[in-house]
Every structure is written in C-alpha cells, then in structure tokens.
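Student: Before we start, here is the structure in question, set down as structure tokens.
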Amino acid sequence: MESFRDQVPDPHTVGTWIRQIDLRRVLPLAAWNKPQTRLIGLASLNRMAGAYRHVAEIYVVVGADHRQLGLGSSLIKELIEIGTRQDLYFLKARVLVENQLALRAFRQLGFEVKATLEDYFMTRDGKTKDVALMLKRLRFDLEEDFFYLF
225 MESFRDQVPD PHTVGTWIRQ IDLRRVLPLA AWNKPQTRLI GLASLNRMAG
275 AYRHVAEIYV VVGADHRQLG LGSSLIKELI EIGTRQDLYF LKARVLVENQ
325 LALRAFRQLG FEVKATLEDY FMTRDGKTKD VALMLKRLRF DLEEDFFYLF
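Residue numbers for the sequence shown follow the numbering used here, beginning at 225 and rising by one.
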C-alpha cells in the first residue's frame, strides 16, 4: 500500500477519515464483500473550491485480492455518474504511471492523460515515482464544441 499517505486497511485510519469527513466536499463510496464483513474497495469524489469548484478529484483503491474483477471500474463509473448529476465540468485523477491496469481502466472510461508529473510521488522509503494526471470532461459547450468539429 505504498501508494497512499495512510494505511488504508488500518481500521483506526478509516475510522479517523470517517469522523473527519466533510460531506459537503467529499462523497465516499465503500465496497464490501458479500457477507459485509470486509471492506474491499474505497472511492471518493472530492469537490474542489473557489476557481476550481467545477472540478472534483477522484480516488479509488481496491484490495489486492479483488483487483482485475471490474470493481475499480464500477467505482469509477459510479463517481462519473455522481459527478454528472452534480453538474461538474471535470473529474481529475492522479495515477502512478507504473500502474498500467489503473491507467487502462481510466482511459476506457474516457479519462485522458494530460500530463506526466515526474518524481511527483514519494514512497515511505524515499523512492520517487511518476504520476499521470488524468482528466475526464463531463460537460460540453455544444455550440463551441460543434463549431470545432467542422
């Protein structure tokens, strides 16, 4: 779990997040196993403020034993639907470049890599990694976008 600032599986960490969450800005989603005894995925839509109030950043994490089953894509799709209903213009995601499966999932759902941020992420042991900054446009100005088609 070196990709996260905090240890996600730690119940204390999750409990702290839940107690401190500002539901006006952050919408959390949780995926549970069938008997609802284990959290197997977490996602959130984090609305930005001020000049970026039309943008939300999304975060998705899926437990190692539940990857490549479509759970991450399902969580992303749900966040896209929620962002669209909330009238957001863009969704933003930051993905480690080495995580090709996540990059592919985001691309398949309409996200585009807009920049690669070299050495942007640092692991606990001090190693740096590149991060892809990805965006998905949710709202289009039909008149302006139509003009550029021709």
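Quick reminder that beta carbons are idealized off the backbone N, C-alpha and C, glycines included.
Bear in mind the structure is a predicted one, so any value in this text is a computation, not a measurement.
#1: To the nearest angstrom, how far is it from the Cα of valine 285 to the Cα of leucine 253?
#2: Please confirm whether alanine 273 and isoleucine 264 have their CB atoms less than 8 Å apart.
#3: Cβ atoms of alanine 356 and valine 319: under 8 Å apart, would you say?
#4: Between alanine 280 and glycine 239, which are expected to be in contact by the criterion C-beta below 8 Å, what is the C-beta distance as a whole number of angstroms?
#5: In terms of residues, what are the limits of the alpha helix (DSSP H) holding phenylalanine 330?
#6: I'd like the span of the beta strand (DSSP E) that includes threonine 352, first residue to last.
#7: For the beta strand (DSSP E) that threonine 340 lies in, which residues bound it at each end?
#8: With DSSP as the reference, label glycine 294 as helix, strand or coil.
#9: Taking the alpha carbon of leucine 202 as the reference point, which residue from Leu312, His278 and Thr237 has its own alpha carbon closest?
Tutor: Judging by the given coordinates:
#1: 11 Å
#2: no
#3: yes
#4: Between glycine 239 and alanine 280 the Cβ distance is about 24 Å, and since that is not below 8 Å, they are no contact.
#5: 324-332
#6: 352-361
#7: Under the DSSP assignment, threonine 340 falls in the beta strand (DSSP E) whose first and last residues are 336-346.
#8: coil
#9: This structure cannot settle anything about residue 202, because the visible part of the chain is limited to 225 through 374.
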